[in-house]
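I have placed the structure first, in the form of structure tokens, so that the comments after it can refer back to it.
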Amino acid sequence: FDEVERDVRLETARARGTTRDAAPGFDAQAWRDSRRLALARVDALLASDEDADASDGPRGRRLVIADDNFYYASMRYQAHQLARRARAAHVQLHVNVPVELARARNERRAANEIVPRVAFDRMANAFEPPDPSKRTFEHPTVRTDDDASTNTSVRSDDDDVNHDTDAHAWGLVWDAWGAPPRLPITEEEREALRAAGRDANAQSAVHALDVRSRRALGDAMRRASAAGGPKRRADASVALNAARKEMLDAVRERSKGKKGGGRREDGADEEFEALDLASFVMAREDAFAELCEGFGGDD
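All residue numbers for the sequence shown refer to this note's numbering, where the first residue is 98 and numbers rise by one.
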């Protein structure tokens, strides 16, 4: 997914007459376009029989890896939907990395591949770990715990024992490769699931943003007080509380989405709405984070 986004941003930069990605900060349109393109590529790969192992049934067996951080559960659900429509098995491999280790690795990347600090912190704070007990579509999930040691701890949903080899992780993925997710039986059932999914995604996005922005505001208030005393704290309180309320109201309004008829059976409308809401939340949260940063030092 990262490679697709870099390609999209590069094409955007070229269209503006430059040869490099010079767009500052988060580009919501490029993010939406790149995720739609990446998901379309996954969809095409799932539909293809090329390179399949013909010894394993009439269609064969082939592995399609969608490599991304998928930090919202709704993003992972999109991958689940693609597998379900293609009648393919769906297995999640969750690489659990401590935030500070991930931050250090990010800083060692090539300059044009480093995730900006504001975006990195947003993703780290927003991350929704896989939880098959709460979200049934996330079963099965294989987990690895990467702590920068020479060994990697590996376990699956049904395995309480930690193992020490990457090969074992792929073995668990292979073992978990079972029947495709069940398709809803009727159009009414499909629409009920779509509506429930849209509402759950919207409520989750607003609630998570509320929690994260409250924490960011509190941190900014403490920095403002330390930097400029009661007067600066008061100024920060007025400005940031107003900005936070406006942001949450805007996200609640955006999360209502388009409800009703005219939807495509392939689920493309739901996928677009999920991407649109996620990109809108990220853009607004980045702007709020920058405003909070402005109260963190001297005038």
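A virtual CB, placed ideally from N, CA and C, is assigned to each residue, including glycine.
Notebook entry, point to check: Counting pairs of Cβ atoms below 8 Å between the region 194 to 202 and the region 177 to 186, do you hit three or more?
Noted result: no
Check: When the Cα atoms are used, what is the spatial distance from residue 228 to residue 332?
Finding: 41 Å
Margin query: Quick check: the region 156 to 172 against the region 133 to 148, are at least 3 beta-carbon pairs closer than 8 Å?
Written below: yes
Note to self: Between residue 221 and residue 241, how many whole angstroms is the CB-CB distance? I'm expecting something under 8 Å.
What the structure shows: With 8 Å as the limit, residue 221 and residue 241 do not qualify as a contact, their Cβ atoms being about 18 Å apart.
Notebook entry, point to check: Going by alpha carbons, who is nearest to residue 324 out of 392, 379, 224?
Noted result: 392
Note to self: Suppose you measure from the CA of residue 327 to the CA of residue 341; what does that come to, to the nearest Å?
What the structure shows: Linking residue 327 to residue 341 through their CA atoms gives a straight-line distance of about 20 Å.
Notebook entry, point to check: Count the other CB atoms within 10 Å of the CB of residue 376; is the residue buried (16 or more) or exposed (fewer)?
Noted result: buried
Check: By DSSP, does residue 242 sit in helix, in strand, or in coil?
Finding: DSSP places residue 242 in strand when its eight states are reduced to three.
Note to self: So, with DSSP's three-state summary, where would you put residue 160?
What the structure shows: coil
Item checked: Own chain, CB closer than 7 Å to residue 43, minus 5 neighbours either side, in chain order -> In this structure the chain extends from 98 to 396, so residue 43 is not present and cannot be described.
Next item on the list: Classify residue 382 as buried or exposed, calling it buried when 16 or more other Cβ atoms lie within 10 Å of its own Cβ.
Entry: buried
Note to self: Quick check on residue 303: does DSSP put it in helix, strand or coil?
What the structure shows: helix
Notebook entry, point to check: Who does residue 192 pair with in a DSSP beta bridge?
Noted result: 241
Note to self: To test your reading of the DSSP string, which unbroken alpha helix (DSSP H) runs of 4 or more residues are found completely within the region 179 to 233?
What the structure shows: 196 to 204, 214 to 223
Checklist line | Secondary structure of residue 352, DSSP reduced to three states | finding: helix
Margin query: At a cut-off of 7 Å, would you count residue 170 as near the ligand PLP, judging by its Cβ distance to the nearest heavy atom?
Written below: The ligand PLP is absent from the structure shown, which contains no ligand whatsoever.
Notebook entry, point to check: Among residues of its own chain, excluding the 5 on either side of residue 99, which ones have a beta-carbon nearer than 6 Å to its beta-carbon?
Noted result: Result list for residue 99: empty, nothing under 6 Å.
Notebook entry, point to check: Rounded to a whole number of angstroms, what is the C-alpha to C-alpha distance between residue 310 and residue 385?
Noted result: 8 Å
Margin query: Measuring only the C-alpha atoms, how far is residue 275 from residue 165?
Written below: 22 Å
Check: Would the beta-carbon of residue 336 fall within 8 Å of that of residue 329?
Finding: no
Margin query: Relative to the C-alpha of residue 270, which candidate in 191, 130, 210 has its C-alpha closest?
Written below: 191
Notebook entry, point to check: How would you label residue 277, buried or exposed, when you count the other beta carbons within 10 angstroms and need 16 or more for buried?
Noted result: Exposed, since its Cβ has fewer than 16 Cβ neighbours within 10 Å.
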